[in-house]
Each structure stands twice: as C-alpha cells, then as structure tokens.
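The next block holds one structure in the form of structure tokens; read it before the comments.
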Amino acid sequence: MKKIFGFTLAEVLITLGIIGVVAALTIPTLMANYQKQVWINKLKKTYSVLNEGYKQIMVNQGCTDMICTGFMPDDVVLNFDNEEAKNKFITTFKLTNVNSAQWDYAIKKGDDLCGSNATFSGCIGTGGTYGISGSTADGAIIAFGAHVFAGGLVLVDTNASRGPNEFGRDIFVFAYTDKMITPFYSKAHLDWVAANSSGSITNSEDERKQAVEQGCSADSGLACAEKIIMDGWQMNY
Numbered sequence: 000m001k002k003i004f005g006f007t008l009a010e011v012l013i014t015l016g017i018i019g020v021v022a023a024l025t026i027p028t029l030m031a032n033y034q035k036q037v038w039i040n041k042l043k044k045t046y047s048v049l050n051e052g053y054k055q056i057m058v059n060q061g062c063t064d065m066i067c068t069g070f071m072p073d074d075v076v077l078n079f080d081n082e083e084a085k086n087k088f089i090t091t092f093k094l095t096n097v098n099s100a101q102w103d104y105a106i107k108k109g110d111d112l113c114g115s116n117a118t119f120s121g122c123i124g125t126g127g128t129y130g131i132s133g134s135t136a137d138g139a140i141i142a143f144g145a146h147v148f149a150g151g152l153v154l155v156d157t158n159a160s161r162g163p164n165e166f167g168r169d170i171f172v173f174a175y176t177d178k179m180i181t182p183f184y185s186k187a188h189l190d191w192v193a194a195n196s197s198g199s200i201t202n203s204e205d206e207r208k209q210a211v212e213q214g215c216s217a218d219s220g221l222a223c224a225e226k227i228i229m230d231g232w233q234m235n236y
C-alpha cells in the first residue's frame, strides 16, 4: 500500500504564522510606496496643467511673456486686482468654485510659509480681488496668491481637500516667473528673484541643493516639489 505524506496541523500553523509575519512587515511598506506614487503622479499632472495654462494665456495675447500681456505690470507679480486678468485665468484654467470658502481648510506643515493654524486659501492671500483659488477639471486646487515671498507663489493641492492636506504630500509650492511656473527654489525661481529683487539669495548650485533639502524636511515642505524632481520624480522622504 502506497503511503500518503502530508503536513501536520502544527506545521500548517507554523507556516501560516510565518506568512502572516512577512505580510505584516511588507504590506505597510508596499502600501506606503503605492501612496507615494499616487501623489507623484498627481503632482506631475498638476505641474503640466499649470504650465500649459500659463503658456496658453500668453499665446492668446500674442505674447512670449506675462509682462507683455499686461497681467504683470510691476514685472514681479501678477495683478489679480484687474478683473480682466482674473477672468482670463479662470477661463483658461477652467477653474470652478473660485475663491470658495470650502478651500479654507486646515493644512499641515506650512508654518514656515503660512504661519501656524493656516488654511489653504488663506495661506498666500487668495481672497477678494487679490488672488485666485479654484478647482481644476481633474480635481486639484490651484491658488495663485498675492502673498509675495521670494516672488509670486502658486499653491496646489493635488487631490483637493481629501487629505492628508500636508506640504510635501498632496500640497506643493510653486513660483511663477514672467515665462513659466516652476517649483519653489528651482534654479529658474531663484534666477527670477535675483533679477527682480534687491534681497540676497542662494548663489551657488550646491547651496541651492542644500537649501532644497532643508526646505523639504520634517519641519518644512516648501521645496518638496523641487526635491522630487531633482530626485528623478521620487519621493525619497
């Protein structure tokens, strides 16, 4: 008679226990990496939408920069006190719920830009006639702000108010120049500030990279968009 070999109950339980331990150790990491990739993909999309819309405004005006369009009269920041300019931005970016109170939600890790207990729409001054905040067709929020901190800023929440509403995760800071929208503390941003400000800024590329690292840390999320791009579109933090 042929013998049939099998596993004992103890062996099965031990095997299941090992599988459970391995799963407990690896699944959280896999989920975290997946979530990071989701945030990165949304950042890429929003970054593209920002620059496509910005360039389209210039094309529609027959210009190669924002100064020519008349929307940047002081050569540094956009003038959203002008209703014509505001409406062109709203139309071009297809913004809805413009300057809505629903964008007045709390954000995390923004103290170095917005102060403590900051809200998204209040962070860079988008209320009234001095800025624009609104949602895009793909569910992001874009806020062109009147707050002048090293030039004009654009704050984006890539997945609206769904969370975690944290700088460096779903919320990122950009700056605009006369020709483009670029990550905060990118070389293009600093070159623009240097050409239009009397203040001192980082001079060497090594100093800039060091500042980017410091600007995307446990205490700050200002430069995280630039760090992600510098790291080859990886969220290494």
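Numbering (numbering that gives the first Met the number 0), first residue to last: 0 to 236. Glycine included, each C-beta is placed from N, C-alpha and C at the ideal position. Since this is a predicted model, take the numbers as computed values, not measurements.
Reducing DSSP to helix, strand and coil, say where residue i ends up.
{"i": "GLY19", "result": "helix"}
{"i": "PRO182", "result": "strand"}
{"i": "PHE171", "result": "strand"}
{"i": "THR7", "result": "coil"}
{"i": "LYS107", "result": "strand"}
{"i": "GLY144", "result": "strand"}
{"i": "SER47", "result": "helix"}
{"i": "THR95", "result": "strand"}
If you follow the alpha helix (DSSP H) that residue i is part of, which residue opens it and which one closes it?
{"i": "ASP156", "result": "First-last for ASP156: 151 to 156, but that is the beta strand (DSSP E), not the alpha helix (DSSP H)."}
{"i": "PHE88", "result": "82 to 91"}
{"i": "VAL211", "result": "204 to 213"}
{"i": "ILE123", "result": "From DSSP, ILE123 is part of no alpha helix (DSSP H); its letter is neither H nor E."}
{"i": "CYS223", "result": "223 to 229"}
{"i": "CYS67", "result": "65 to 68"}
In angstroms with no decimal places, state the Cα-to-Cα distance between residue i and residue j.
{"i": "LEU189", "j": "THR135", "result": "28 Å"}
{"i": "MET57", "j": "ALA31", "result": "40 Å"}
{"i": "LYS108", "j": "GLY167", "result": "9 Å"}
{"i": "LYS35", "j": "GLY162", "result": "13 Å"}
{"i": "ASN235", "j": "ARG207", "result": "18 Å"}
{"i": "ASN98", "j": "GLY138", "result": "15 Å"}
{"i": "ALA105", "j": "CYS215", "result": "19 Å"}
{"i": "TYR53", "j": "ILE26", "result": "41 Å"}
{"i": "MET39", "j": "THR28", "result": "Reading the sequence as shown, one finds Ile at residue 39 and not Met. If I take the Cα positions, the gap works out to 16 Å."}
{"i": "ILE242", "j": "ALA159", "result": "Residue 242 is absent from the structure shown; the chain starts at 0 and stops at 236."}
{"i": "SER219", "j": "LYS226", "result": "12 Å"}
{"i": "ASN195", "j": "PHE79", "result": "19 Å"}
{"i": "THR91", "j": "ASN164", "result": "26 Å"}
{"i": "ILE13", "j": "TYR33", "result": "30 Å"}
{"i": "CYS113", "j": "TRP102", "result": "15 Å"}
{"i": "MET229", "j": "THR181", "result": "13 Å"}
{"i": "ILE89", "j": "GLN60", "result": "15 Å"}
{"i": "LEU49", "j": "LEU94", "result": "12 Å"}
Got a sec, what are the start and stop residues for the beta strand (DSSP E) residue i sits in?
{"i": "ILE131", "result": "131 to 134"}
Beta carbon of residue i: closer than 6 Å to some heavy atom of the ligand FAD?
{"i": "MET229", "result": "With respect to small molecules bound, the structure shown includes none, and the ligand FAD cannot be examined in it."}
Can we say the segment 184 to 197 touches the segment 55 to 66, given the rule of at least three CB pairs closer than 8 Å? no
At least three beta-carbon pairs within less than 8 Å, the segment 73 to 84 to the segment 162 to 171: no
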